[in-house]
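Only one structure is covered here, and it is reproduced in the block below.
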Amino acid sequence: MCGIIGFTGQTEAAPILLEGLRRLEYRGYDSSGVVIGNGTKLTMRKKAGRIAELTKHLAASPAPGTCGISHTRWATHGPATDANAHPHFDTDGNVAVVHNGVIENYMALKQTMQEAGTEFRSDTDTEVLAHLIGRYYQDDLLSAVKAALAHVKGTYGIAVVCRREPGVIVGARLGSPLVIGIGPDGHYLASDANALAGYATQVVYLNDRQICQLDAESWVIRNQDLDTVDSPLQDIGQFLGIGDAELNGYPHFMLKEIYEQPETIANAMRGRLDDGDATAHFGGLNLDIKQLRSIDRVLMTACGTSYHAGMVGEYLFEELARMPVEVEYASELRYRNPPIDRHTIVLAITQSGETADTLAALRESKRMGHTTLAICNVVGSSIAREAEGGVYLHAGPEIGVASTKAFTSQSVTLAMLALYFGRMRHLSHAQGTEIIRELRRLPEVVRETLRCHDRVKEIARKYAHASSMLFLGRQYLYPVALEGALKLKEISYLHAEGYPAAEMKHGPIALVDADTPSVFLVPRGNVFDKVMSNMQEIKARGGPVIAVCSPNDRDVASLADDVIPVPDVPEYLQPIVVSIPLQLLAYEIALVRGCDVDKPRNLAKSVTVE
Ligand code: M6R
Numbered sequence: 007m008c009g010i011i012g013f014t015g016q017t018e019a020a021p022i023l024l025e026g027l028r029r030l031e032y033r034g035y036d037s038s039g040v041v042i043g044n045g046t047k048l049t050m051r052k053k054a055g056r057i058a059e060l061t062k063h064l065a066a067s068p069a070p071g072t073c074g075i076s077h078t079r080w081a082t083h084g085p086a087t088d089a090n091a092h093p094h095f096d097t098d099g100n101v102a103v104v105h106n107g108v109i110e111n112y113m114a115l116k117q118t119m120q121e122a123g124t125e126f127r128s129d130t131d132t133e134v135l136a137h138l139i140g141r142y143y144q145d146d147l148l149s150a151v152k153a154a155l156a157h158v159k160g161t162y163g164i165a166v167v168c169r170r171e172p173g174v175i176v177g178a179r180l181g182s183p184l185v186i187g188i189g190p191d192g193h194y195l196a197s198d199a200n201a202l203a204g205y206a207t208q209v210v211y212l213n214d215r216q217i218c219q220l221d222a223e224s225w226v227i228r229n230q231d232l233d234t235v236d237s238p239l240q241d242i243g244q245f246l247g248i249g250d251a252e253l254n255g256y257p258h259f260m261l262k263e264i265y266e267q268p269e270t271i272a273n274a275m276r277g278r279l280d281d282g283d284a285t286a287h288f289g290g291l292n293l294d295i296k297q298l299r300s301i302d303r304v305l306m307t308a309c310g311t312s313y314h315a316g317m318v319g320e321y322l323f324e325e326l327a328r329m330p331v332e333v334e335y336a337s338e339l340r341y342r343n344p345p346i347d348r349h350t351i352v353l354a355i356t357q358s359g360e361t362a363d364t365l366a367a368l369r370e371s372k373r374m375g376h377t378t379l380a381i382c383n384v385v386g387s388s389i390a391r392e393a394e395g396g397v398y399l400h401a402g403p404e405i406g407v408a409s410t411k412a413f414t415s416q417s418v419t420l421a422m423l424a425l426y427f428g429r430m431r432h433l434s435h436a437q438g439t440e441i442i443r444e445l446r447r448l449p450e451v452v453r454e455t456l457r458c459h460d461r462v463k464e465i466a467r468k469y470a471h472a473s474s475m476l477f478l479g480r481q482y483l484y485p486v487a488l489e490g491a492l493k494l495k496e497i498s499y500l501h502a503e504g505y506p507a508a509e510m511k512h513g514p515i516a517l518v519d520a521d522t523p524s525v526f527l528v529p530r531g532n533v534f535d536k537v538m539s540n541m542q543e544i545k546a547r548g549g550p551v552i553a554v555c556s557p558n559d560r561d562v563a564s565l566a567d568d569v570i571p572v573p574d575v576p577e578y579l580q581p582i583v584v585s586i587p588l589q590l591l592a593y594e595i596a597l598v599r600g601c602d603v604d605k606p607r608n609l610a611k612s613v614t615v616e
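With my numbering applied, the sequence shown corresponds to residues 7 to 616, in that order.
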C-alpha cells in the first residue's frame, strides 16, 4: 500500500527519494510525490501514475535540496490524481505532510476547518492533517505535530517537513510502520526497511504513539509526553541484502520468488529439526514447557494467502498433533467476540507482519488475555514485535504482490509446529523421525517440481482466454485450490473459484462448459478415488480438465485433457508441492494476457488499511 521515504543529509535528496520510491513500488500505488527543502524554500512535485511519471516531471522541473520526504499513494479518499497525491501543504505552504493509514474522523475535522475558512485542494484525509499541523505551528514542528495528532482518530505513519525548520523531518506512527535509517550520508525515515538497503547501515523502529525528529546530524525518538525513548539500533544486514530486493536476471519478482522456493523452504527448516528427539525446535516461542503442554486449541488468524496457509495448518495440526484448530479471517475475528478459553493460543500468520486486520486481531486477542504467537516473514515488523512469541520464515523479502514463497514457507513452518506439538502429545519417536525425513527431502522435491514449468507454459497458452476457471481439491488440497484461484485472479484478472471438489455439485457445476476449465488437484492419496469421481462429473458436462497429479498416473491421464505431474510426497506435504504448478500457471496466464505481474491493478503488497 502507501509508502514513505524521507532523507535529510549531505547530498541531494531527489535521487535518493526516487530510488527509495522505486523500491517501495511493489507495495502497490497509483500516484507519487516529493517535497524537497532548499533553505527556507519547499518545492513539491507530484504525479498520478507510475514513478516514471514523477521522474520525468522532476527531470523537467527539478526540486533541489538535501532534505525531503516522498510518498507512493494507494488511493483511499479520492481518485488517483495529481491533486490527491501526497505530499499535502497547509494553507500557507509552511508545512508539508505525507501519510500512510486512514484518518477516520477527517470529515468532521474538515467540516470544522471549512467553516473557519480553510480551503482544501484535495479529497484526501491527509490534507486535514497538514492544515491541523499548520494551525498549531508556532516555532517548533515536533510540538505542532504532537498537538495536531491529539485530534486525530485512525491510523497513521507520517513524515512532515516545515519551511521554517530547514533540514528537519518529523515522523509519528500509530498502526502504520515507520523506521529510521542511519547512514554515512545522513538520516532516513521510511515505512519499510526495504527502501533503505544500501543507504542506511542501521535501523531503528518506532512503536505506536512515538514521534521522532531527524536532521542531518542527529535523530531522536520521543514518547507521548515528549520524553526521549531509548530504542535499540539494529544492523540493516539482519533484514536484507541489497541484492535481495533486485531481480537478479529474472523478468519478474514473482518468478524469482517461485524459483527461490527450494532455498526458502530449506531456510525455514534450518536449525529447527532435531533428529535426537525426533521433533522440531523453535527459539522464539517464549513459552515454557508447562505453558506449551496446557495449550489444547489453536485459533489461527490471517488474511489472503496467509489465511490459506492457516487452513493447511488446520489439517496439519489435526492430523499430526490431534489438536483442534479454528482458522478465522483476521478482518472477521477483530470484530467478533469468540468465547476463547485460557488454553487456546492465537496464532497470527502473516508475510509482511503489517497487515492492518491481522495486527488488530492480534491486539484484540492480547487485550482479552490470550497468549499470542505469530508466524511472520518480515523481521522487526509490527506483528513480529507485538506477538508474545513466534517463528520467523527467513524467506527473504517477498516483493511480488502475489505471495508465493511465503505460502510454502508458512506451510512448512506449520508442519514443523504440528510435529512439535504432536511429539508433545501422541506422536511416537518413529513417526517423528519419518516426518523429519520427509521434511528434509522437500527442498529437492520442490526443485524437481519446478521442472513442470515448460509443461505449464503450454497449458497456459491453451487456456489463457478461458471465461473462468475452477480449482478443485479435497482435504489438504482444498486450501490449495483456494490459493490457486486467488493467484490466478489477482495477477491475470481471469475469474476463478476454488472449491472443495465434491462441493461443486452444490452450485458451481452450473458454470461448467467448454470455456471453463477445471484444475483438479489429484495426486495419489486417501481421497484419490473420490476426486476422480468428481473429475468424471466435470468431464460428463463437457468441461476441460487440467490435472495436477502423481507421476505417470495413467488413470488421471486417461480422463484429463492436460496433466501436470508432480513428485509424490505424504499428503501432509502435498500443499507445498501442488501449489508450485498453480503459481506458475497463474504467472504464465498473466503473461499471455499481457498483465503487469508484479504490479497487479488495484492491489497492494501490504494491506495496511482496514
Ligand atoms: O502480509 P500478509 O501475509 O499478512 O498479507 C496477507 C494478504 O494481504 C496477502 O496474502 C494477499 O492475499 C496476497 N496478495 C496474495 O497473493
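Where is the CB? At the ideal position from N, CA and C, for every residue including glycine.
| Item | Value |
| --- | --- |
| Run through DSSP, which three-state label would VAL318 get? | helix |
| Do GLY34 and LYS493 have their CB atoms nearer than 8 Å? | no |
| Around the Cβ of GLU324, are there at least 16 other Cβ atoms within 10 angstroms (buried) or fewer (exposed)? | exposed |
| In chain order, which beta strand (DSSP E) runs of at least 3 residues are fully inside the stretch 508-544? | 524-528 |
| Determine the direct distance from the alpha carbon of LEU527 to that of ASN229, and round the result to whole angstroms. | 53 Å |
| Let me make sure I understand the geometry here. Which of LYS545, LEU115, ARG447 has the alpha-carbon closest to that of PRO573? | ARG447 |
| Among the candidates VAL226, ALA362, ASP283, GLU133, whose CA atom is the shortest distance from the CA of HIS435? | ASP283 |
| Specify the secondary structure class of THR207 as computed by DSSP and reduced to three states. | coil |
| Just how far apart, CA to CA, sit ILE248 and VAL569? | Its pLDDT being 42, under 50, ILE248 is placed unreliably in this model, and the value from its coordinates should be taken loosely. One C-alpha to the other measures close to 39 Å. |
| Cα-Cα, which of ILE57, LYS53, GLU18, PHE13 is closest to TYR32? | ILE57 |
| Name, in chain order, the residues that DSSP records as bridge partners for THR14. | CYS73, HIS193 |
| Would you kindly check if the distance between the Cβ of ALA315 and the Cβ of GLN416 is under 8 Å? | yes |
| Can the beta-carbon of GLY12 be found closer than 8 Å to that of ILE75? | yes |
| For CYS218, name the three-state secondary structure that DSSP assigns. | strand |
| Would you report the Cα separation of VAL158 and GLY181, rounded to the nearest angstrom? | 13 Å |
| What does DSSP give as the partner residue(s) for LYS385 in the beta ladder? | The amino acid occupying residue 385 in the given sequence is Val; Lys does not appear at that position. Paired residues: none, contrary to the question. |
| So which of ASP146, VAL452, GLU503, GLN481 has the shortest CA-CA distance to SER473? | GLU503 |
| Is the beta carbon of VAL584 less than 8 Å from the beta carbon of VAL486? | yes |
| Under the three-state reduction of DSSP, which class applies to CYS309: helix, strand or coil? | coil |
| With distances taken from CA atoms, which of GLY395, ILE586, THR377 is nearest ARG457? | ILE586 |
| In the stretch 89-159, which residue ranges form an unbroken alpha helix (DSSP H) of at least 4 residues, counting only runs that do not cross its ends? | 112-121, 132-142, 147-155 |
| Kindly indicate which three-state DSSP category PHE413 falls into: helix, strand or coil? | helix |
| Once you ignore the five residues that flank ALA327 on each side, which residues in its own chain have a CB closer than 7 Å to its CB? | ALA424, PHE427, GLY428, ARG431 |
| Hey, how far is the Cα of TYR256 from the Cα of HIS459? | 14 Å |
| DSSP on PHE288, reduced to helix/strand/coil? | coil |
| Rounded to the nearest angstrom, what separates THR614 and VAL452 at their Cα positions? | 32 Å |
| What residues in its chain sit with their C-beta under 7 Å from that of LYS545, if we drop five residues either side in the sequence? | VAL551, LEU565 |
| Please report the straight-line C-alpha distance between ALA366 and ARG547, rounded to a whole angstrom. | 45 Å |
| Is the CB-CB distance between ASP191 and GLY15 below 8 Å? | yes |
| Measure the alpha-carbon distance for LEU483 versus LEU322 and round it to whole angstroms. | 12 Å |
| Would you list, in sequence order, the uninterrupted beta strand (DSSP E) runs of no fewer than 3 residues that lie entirely inside the stretch 447-484? | 475-479 |
| Could you name the residues of the same chain whose beta carbon sits closer than 7 Å to that of ALA19, not counting the 5 residues immediately before and after it, in chain order? | PHE13, ILE42, GLY71, THR72, CYS73, GLY74 |
| To the nearest angstrom, how far is the alpha carbon of LEU23 from that of GLY490? | 36 Å |
| Please classify ALA466: is it buried, with 16 or more other beta-carbons within 10 angstroms of its beta-carbon, or exposed? | buried |
| If I measure Cβ to Cβ from SER409 and keep anything under 8 Å in the same chain, skipping five residues before and after, which residues do I get? | GLY310, THR311, SER312, GLN357 |
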